[in-house]
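Reading through the structure tokens given below for one structure.
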Amino acid sequence: MKTAKFGGSSLASAEQIRKVCDIITADSARRLIIVSAPGKRNADDTKVTDLLIQAAEARLTHQEGVTQLGRVEARFSQIAEGLDLTSSDLAPIIEDLRERLQADTTDTALYMDTMKAAGEANCARLTAAFLRHQGVDAHFVDPAEAGMILSDEPGNARVLRPSYGRLRALRDRSGILIFPGFFGYTEAGRLVTFPRGGSDITGAILAAAVDAELYENFTDVDSVFVASPRLVENPVAVSEITYREMRELSYAGFSVFHDEALEPVVRAGIPVAVKNTNNPAAPGTRIVPQRVVGEIPVVG
Numbered sequence: 159m160k161t162a163k164f165g166g167s168s169l170a171s172a173e174q175i176r177k178v179c180d181i182i183t184a185d186s187a188r189r190l191i192i193v194s195a196p197g198k199r200n201a202d203d204t205k206v207t208d209l210l211i212q213a214a215e216a217r218l219t220h221q222e223g224v225t226q227l228g229r230v231e232a233r234f235s236q237i238a239e240g241l242d243l244t245s246s247d248l249a250p251i252i253e254d255l256r257e258r259l260q261a262d263t264t265d266t267a268l269y270m271d272t273m274k275a276a277g278e279a280n281c282a283r284l285t286a287a288f289l290r291h292q293g294v295d296a297h298f299v300d301p302a303e304a305g306m307i308l309s310d311e312p313g314n315a316r317v318l319r320p321s322y323g324r325l326r327a328l329r330d331r332s333g334i335l336i337f338p339g340f341f342g343y344t345e346a347g348r349l350v351t352f353p354r355g356g357s358d359i360t361g362a363i364l365a366a367a368v369d370a371e372l373y374e375n376f377t378d379v380d381s382v383f384v385a386s387p388r389l390v391e392n393p394v395a396v397s398e399i400t401y402r403e404m405r406e407l408s409y410a411g412f413s414v415f416h417d418e419a420l421e422p423v424v425r426a427g428i429p430v431a432v433k434n435t436n437n438p439a440a441p442g443t444r445i446v447p448q449r450v451v452g453e454i455p456v457v458g
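The working numbering puts the first residue of the sequence shown at 159, with every later residue one more than the last.
Structure, rendered in structure tokens:
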């Protein structure tokens, strides 16, 4: 079983989600899929998570937040239409968004987490629905039901050790499993989120829990580079890198994903592949426990 995580830019539109689903179905071993919330479609766009935060902040400052939430509903509606989904696919998503907006605001941190997590949860529902419409045996997985148990630290939660045993049961499920990233539940049943970028953490936890043969992290770059492409023209692409070298690049600010997101797969010794959703044929970068040192050092 391979575990594959897709970032927000990979899920920003119906066109992108179609690409993602093509990638998923191209390899029968890709059965546990982690999705982020829809990201930016262009430089001037706003991520769905940021729209949700705006809606939550409006509600917490004694505004209704309906106008702000309407932008989120419009994004999901546009994606659903582009995927040729039905009103019965979209209706539960709109209902979920509105219920979250009206949730109890007594604990503002928990309320913010409830709102922020709506992007991942409903993107997972849309992705699973589209795959089913394509005749694929696909299932949305509820993190609470699956056993993603986290510490009671809203916005900064950590996975608890019992989660791994519970999540391991996902190996035995049939079909393609679509799992929302970024959040889980406390032992008391409260929704809490990882730090921002937490879908990477979810992906690594699940890869370790099911003892995946490979954890694929799909993003919008062809590989890991020794310097940021935004700062250096034609930086050297890295075909293979160790966990330690990846951490050093992370400290330098060039990481593709959060450094702490590697910890579960490092402990489990699971290789990671960084791939580009928009260019899946590119070799990407493989992150491994150890490698044969070549002529070009990754860091030095």
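All residues carry an ideal CB built from backbone N, CA and C; glycine is no exception.
C-beta atoms of residue i and residue j nearer than 9 Å
{"i": "SER167", "j": "GLU278", "result": "no"}
{"i": "LEU318", "j": "LYS274", "result": "no"}
{"i": "VAL396", "j": "THR443", "result": "yes"}
{"i": "THR360", "j": "MET306", "result": "yes"}
{"i": "ALA302", "j": "LEU349", "result": "yes"}
{"i": "ARG199", "j": "SER235", "result": "no"}
{"i": "PRO429", "j": "VAL446", "result": "yes"}
{"i": "VAL382", "j": "LEU335", "result": "no"}
{"i": "VAL432", "j": "ASN392", "result": "no"}
{"i": "PRO312", "j": "ALA267", "result": "yes"}
{"i": "TYR269", "j": "ALA261", "result": "yes"}
Local conformation of residue i per DSSP, three classes
{"i": "THR161", "result": "strand"}
{"i": "VAL294", "result": "coil"}
{"i": "THR377", "result": "strand"}
{"i": "ILE211", "result": "helix"}
{"i": "GLU303", "result": "helix"}
{"i": "ASN280", "result": "helix"}
{"i": "LYS205", "result": "coil"}
{"i": "PHE337", "result": "strand"}
{"i": "LEU349", "result": "strand"}
{"i": "LEU318", "result": "coil"}
Residues near residue i by beta carbon distance below 6 Å, same chain, minus five either side
{"i": "GLY223", "result": "ALA213, ALA216, ARG217, LEU259"}
{"i": "ILE181", "result": "PRO438"}
{"i": "PRO353", "result": "ASN314"}
{"i": "TYR373", "result": "THR161, ALA365, VAL423, ILE428, VAL430"}
{"i": "GLY240", "result": "ALA172"}
{"i": "ALA367", "result": "TYR322, LEU325, ARG326"}
{"i": "LEU243", "result": "ALA287"}
{"i": "VAL362", "result": "Residue identity differs from the one stated: residue 362 is Ala in this sequence, not Val. Contacts found: ALA419, PRO422, VAL423."}
Nearest-angstrom Cβ-Cβ length linking residue i and residue j, presumed shorter than 8 Å
{"i": "VAL294", "j": "LEU255", "result": "No, VAL294 and LEU255 are not in contact; Cβ-Cβ is about 25 Å, not under 8 Å."}
{"i": "ARG344", "j": "ASP310", "result": "The residue you asked about is not Arg; residue 344 is Thr in the sequence shown. Contact holds; Cβ gap of about 4 Å."}
{"i": "LYS163", "j": "GLY339", "result": "7 Å"}
{"i": "ARG283", "j": "ILE251", "result": "6 Å"}
{"i": "GLY165", "j": "THR377", "result": "5 Å"}
{"i": "ALA238", "j": "LEU248", "result": "4 Å"}
Any non-hydrogen atom of the ligand SAH within 8 Å of residue i CB
{"i": "ASP300", "result": "The ligand SAH is not among the ligands present in this structure, which contains no ligands whatsoever."}
Same chain, Cβ closer than 8 Å to residue i, five either side skipped, listed in chain order
{"i": "THR225", "result": "ALA216"}
{"i": "LEU364", "result": "THR161, LEU190, ILE192, LEU325, LEU328, PHE337, ALA370"}
{"i": "LEU169", "result": "ILE175, VAL178, VAL193, SER194, ALA195, PRO196, GLY197, CYS281, THR285"}
Counted within 10 angstroms of its Cβ, other Cβ atoms place residue i as buried (16 or more) or exposed
{"i": "SER321", "result": "buried"}
{"i": "LEU389", "result": "exposed"}
{"i": "GLN448", "result": "exposed"}
{"i": "VAL206", "result": "buried"}
{"i": "GLY333", "result": "exposed"}
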